[in-house]
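Colleague: Numbers 2 to 225, taken from the working numbering, label the letters of the sequence shown in order.
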Amino acid sequence: MQLNVTSTKPTKGLLLFYFFLSIILNSIGNALTVAINLGSALWTAASVNLDHVLAVSLSLMMFVPSFLIIIVNIIILKKVSLSRIIGNLVFLVPFSLLVGQFSTLLGNTGINNLAFPIRIALDCLGVCLISVAISLYQRVNWMLHPVDDLMQIVRFKYFKGNSVIAQLVVFTPPLIAIIISVIITHQIYAVNIGTIFALVFQGALVGIADKYIFPSLKHQNIDK
């Protein structure tokens, strides 16, 4: 989906509202998919599988690859923006911690004892929450998760605002990471129905959320 971009800036109060709402939605969505274990979004699934390879905490495994993506973003844009990097880190640190904490809390609720169709629905709901969160903080373009910053950069720099193509391109590295992890451990984690749902629909869901969730909020300050 392709969208109009505007230079109109939300108030600081709205920026804070969208920021906190998006980080909570994204953390809960990712934690829900991890706890249910019927398939996480691709980058989260890659982190879970690498976590089993390297035997480190999930929070750390969520943080390190994302930090490397910050460097990739700098290379693509061919410039260093201190405010952008700080925004990525400010978003990334609480997000990584919250996903780890929320996934543990949800796992302790007995959520995996629910009927299989309900678990599938909740897993897909998690992907939908992630998509809405991405849409919100990409449009605000204030503080973004580095991976979603990458998606936004390639979306407008190379694909004329098409969220579906950009999301598929950004999904390529985690797919490779998952394949390598499976080769090493001979097991696969957090990849299931929800992962396929995310692979097929997440880009489109971001575009739909752009249009229908807080529709007055447009994309701003896009790097092309």
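A virtual CB, placed ideally from N, CA and C, is assigned to each residue, including glycine. Fair warning: this is a prediction, and the values are worked out from it, not measured in the lab.
Which of the three DSSP states, helix, strand or coil, is assigned to H53?
Modeller: By 1-based counting over the sequence shown, the position of residue 53 is 52. Helix, per DSSP.
Colleague: For R1 and N163, what's the separation of their Cα atoms in angstroms?
Modeller: Nothing about residue 1 can be reported from this structure: the residues present for the chain run from 2 to 225 only.
Colleague: If you draw a straight line from the alpha carbon of V201 to that of S48, how long is it in whole angstroms?
Modeller: Numbered from 1 along the sequence shown, position 200 holds the residue referred to as residue 201. Numbered from 1 along the sequence shown, position 47 holds the residue referred to as residue 48. Approximately 19 Å between the Cα atoms of the pair.
Colleague: How long is the line joining the alpha carbons of A199 and L145, rounded to whole angstroms?
Modeller: Working through the sequence shown from its first residue, we reach residue 199 at position 198. Working through the sequence shown from its first residue, we reach residue 145 at position 144. Taking the straight line joining both Cα atoms gives about 19 Å.
Colleague: Mind checking which residues open and close the alpha helix (DSSP H) that includes L39?
Modeller: Position 38 of the sequence shown, counting from 1, holds the residue named residue 39. Segment: none, L39 is in no alpha helix (DSSP H) and carries neither H nor E.
Colleague: State the start and end residues of the unbroken alpha helix (DSSP H) segment that holds L61.
Modeller: Position 60 of the sequence shown holds residue 61. Counting along the chain, the alpha helix (DSSP H) containing L61 begins and ends at L59 to L78.
Colleague: Indicate whether S97 and S60 have their beta-carbon atoms separated by less than 8 Å.
Modeller: Within the sequence shown, the letter at position 96 stands for residue 97. Within the sequence shown, the letter at position 59 stands for residue 60. Going by C-beta atoms, S97 is nearer than 8 Å to S60.
Colleague: I need the DSSP call for V81, collapsed to helix, strand or coil.
Modeller: Within the sequence shown, the letter at position 80 stands for residue 81. Three-state result, V81: coil.
Colleague: What's the call for G101, buried or exposed, on a 16-neighbour Cβ count within 10 Å?
Modeller: Taking the first residue of the sequence shown as 1, we reach residue 101 at position 100. The residue in question, G101, is buried, as its Cβ has 16 or more Cβ neighbours within 10 Å.
Colleague: Pick helix, strand or coil for I166, following the three-state DSSP scheme.
Modeller: By 1-based counting over the sequence shown, the position of residue 166 is 165. Helix at I166.
Colleague: With distance defined between alpha-carbon atoms, name the residue in P174, I189, N31 and G195 nearest to L107.
Modeller: Start at 1 with the first residue of the sequence shown, and residue 107 comes out as number 106. When only C-alpha atoms are compared, the closest one is N31.
Colleague: Once you ignore the five residues that flank I37 on each side, which residues in its own chain have a CB closer than 7 Å to its CB?
Modeller: One-based indexing of the sequence shown puts residue 37 at position 36. Cβ neighbours of I37 beyond the five flanking positions: I112, N113, R120, L123 and D124.
Colleague: Compute the Euclidean distance between the alpha carbons of L151 and K158, then round it to the nearest angstrom.
Modeller: For the purposes of this step, residue 151 is identified with residue 150 of the sequence shown, where counting begins at 1. For the purposes of this step, residue 158 is identified with residue 157 of the sequence shown, where counting begins at 1. L151 and K158 have their C-alpha atoms some 10 Å from each other.
Colleague: Please report the Cβ distance between I185 and V54, rounded to the nearest whole angstrom; I am assuming they are in contact, meaning their Cβ atoms lie under 8 Å.
Modeller: Taking the sequence shown and counting its residues from 1, the one referred to as residue 185 is at position 184. Taking the sequence shown and counting its residues from 1, the one referred to as residue 54 is at position 53. Indeed they touch by this definition, with Cβ atoms about 5 Å apart.
Colleague: Work out the CA separation of A134 and L33 for me, nearest whole Å.
Modeller: Along the sequence shown, read from residue 1 onward, the residue named residue 33 stands at position 32. Along the sequence shown, read from residue 1 onward, the residue named residue 134 stands at position 133. Rounded to whole angstroms, L33 to A134 spans 14 Å at the Cα level.
Colleague: Whole angstroms are fine: how far does the CA of S28 sit from the CA of F18?
Modeller: As a first step, residue 18 must be located in the sequence shown, where it is residue number 17. As a first step, residue 28 must be located in the sequence shown, where it is residue number 27. Whole-angstrom Cα-Cα distance: 16 Å.
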